Amino acid sequence: MKLLLSALTLTASLLAAPAAMANTPLKIGFLTTLSGPGAALGQDTRDGFALAIKHNGDRLGGLPLDLQIVDDQLSPDSARQSVDRFIKLNKVDILTGVVYSNVLLPVLPTILASDTVYISTNTGPMDYAGAKCNKNFFVAAWQNEDIPQAMGRFAATREYKRVAMIAANYPGGRESAIGFKRQYTAPIVEEIYTKMGQLDYAAEIATLRASKPDAVFFFLPGGMGVNFIKQFEAAGLTKQIALLAPGYSADEDTLRAVGEPMVGVYNASHWAADLPGALNQKFVADFTKTYGRAPTMTAAQAYDTALLIDHAVRRVDGKVANRDALRKALREAQFPSLRGPFKFNNNQFPIHTLYMRVVQKDASGRIANKLVGEILPNHADPYAAQCKLP
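Heads up: the sequence shown is residues -22 to -1, 1 to 368, going by mature numbering (1 follows the signal peptide of the UniProt record, and there is no 0).
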């Protein structure tokens, strides 16, 4: 297990003010994927969160930070060890950062039973959106079906008659398929599930070719999606079949890796780099300058997570040991989200607008997403009615 202590820990400690509240650091356990084929999303999560802290003077909610960043190695076993350490030894106030649902789901019961607040920067599993919703579980990103639902709506409005889908066989992938089919109700001509981490798609692409679809919806996170698109293009299928992607499979990291074959790919997201607003423009400019790459939606939602924490901690005057007050402040969040209007539903998952983007080449030759418009305004997930939180 690799422990990466952020330099922010030392910086924030040195900046601690003499006031009693300011002398008590806010302890955040940050568990994310920083190695292996899924590392790009974890790195974006870490960097987006860190930029928000920098923009807030190396504090959140006015408090100095004890920010402990750990690589979960995309391993539930590694994550369990880290969670135990965060809760029992470090006694963190807030946990956050996990990218993948197959890492989060095995450790979430332990986190929630400890009365530690968990704020999801990325995954939003359906079980915890419905009957298993919990007072300590907040999602600042999306419910797993949100963005696939937007792509399903798009496919329906485009009147594709023959749609196939391919997804990673883990909770996030299976839930994405459910979400897509919730909005696209015509029969799916081929539905393929692949091993998590798979990088060779020759057999799957042959199956897709044989099914003769008009469009293929794919959910293959990280390096999986990069390899799939490259192989799909090499097979000559991009000129025959439309690719439909969730935003995280057609984001800046994928565009950098794949390039020209991504042009024309429609994708859905709760955020776009060209959304209006001074805060979003500052985020995009500063992220690009700081890290030497354009931000992704993953980085944007991590930035939002830090802003949410900042807002809530200020609302309770830094008294985060009062968990009831902290949870109330989070639930009533009114912060300047990069994505536009944001509020929590009764299940503590977001109500937000989902947008369509399309990959284009700009006048300078740079390949990037361009905002098309809203596809699901003020969207709420379908599981909130099953949640019995007061």
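Glycine residues also receive a C-beta, built at the ideal position from the N, C-alpha and C atoms. What you are looking at is a predicted structure, and each value in this text was computed from that prediction instead of being measured.
According to DSSP, is residue i helix, strand or coil?
| i | result |
| --- | --- |
| V243 | coil |
| P149 | helix |
| A363 | helix |
| G318 | coil |
| G237 | coil |
| K5 | strand |
| L(-9) | Per-residue confidence for L(-9) stands at a pLDDT of 38, beneath the threshold of 50, marking its modelled position as unreliable; no derived number is given. |
| T232 | helix |
| T216 | coil |
| T10 | strand |
| A18 | helix |
| A30 | helix |
| A(-16) | For A(-16), the predicted model reports a pLDDT of 41, less than 50, meaning its position is unreliable and no value from the coordinates is stated. |
| A155 | helix |
| S342 | coil |
| T163 | coil |
Name the DSSP beta bridge partners of residue i, please?
| i | result |
| --- | --- |
| R335 | N245 and L349 |
| Y138 | Y138 pairs with nothing; no bridge assigned. |
| M143 | E169 and F195 |
| L354 | L332 |
If you draw a straight line from the alpha carbon of residue i to that of residue j, how long is it in whole angstroms?
| i | j | result |
| --- | --- | --- |
| A213 | A184 | 9 angstroms |
| A146 | G201 | 12 angstroms |
| C111 | H248 | 22 angstroms |
| T283 | A128 | 22 angstroms |
| K348 | A263 | 16 angstroms |
| L67 | L308 | 25 angstroms |
| D302 | L83 | 24 angstroms |
| H43 | Y281 | Correcting the residue identity first, residue 43 is Leu in this sequence and not His. The alpha-carbon atoms of L43 and Y281 are separated by roughly 16 angstroms. |
| T88 | K217 | 48 angstroms |
| G225 | D124 | 11 angstroms |
| L9 | G75 | 5 angstroms |
| N245 | V204 | 15 angstroms |
| I97 | L253 | 24 angstroms |
| A142 | A193 | 6 angstroms |
What residue range is occupied by the uninterrupted beta strand (DSSP E) comprising residue i?
| i | result |
| --- | --- |
| P224 | A220 to P224 |
Where do the ends of the alpha helix (DSSP H) carrying residue i lie?
| i | result |
| --- | --- |
| A133 | D124 to T135 |
| F327 | Unbroken run through F327: none, as it is neither H nor E. |
| A193 | Element bounds for A193: not the alpha helix (DSSP H) but the beta strand (DSSP E), A193 to F197. |
| K208 | G201 to A212 |
| S189 | A180 to S189 |
Which complete beta strand (DSSP E) runs does the stretch 34 to 122 hold, if anything under 3 residues is left out? Given a length threshold of 3 residues, each whole run of the beta strand (DSSP E) inside the stretch 34 to 122 is given here in chain order: 43 to 49, 72 to 74, 95 to 98 and 115 to 117.
Which runs of the alpha helix (DSSP H) fall wholly inside the stretch 240 to 308 and span at least 4 residues, in chain order? Taking 4 residues as the minimum length, the alpha helix (DSSP H) runs contained wholly in the stretch 240 to 308 are 256 to 269 and 275 to 293, in order along the chain.
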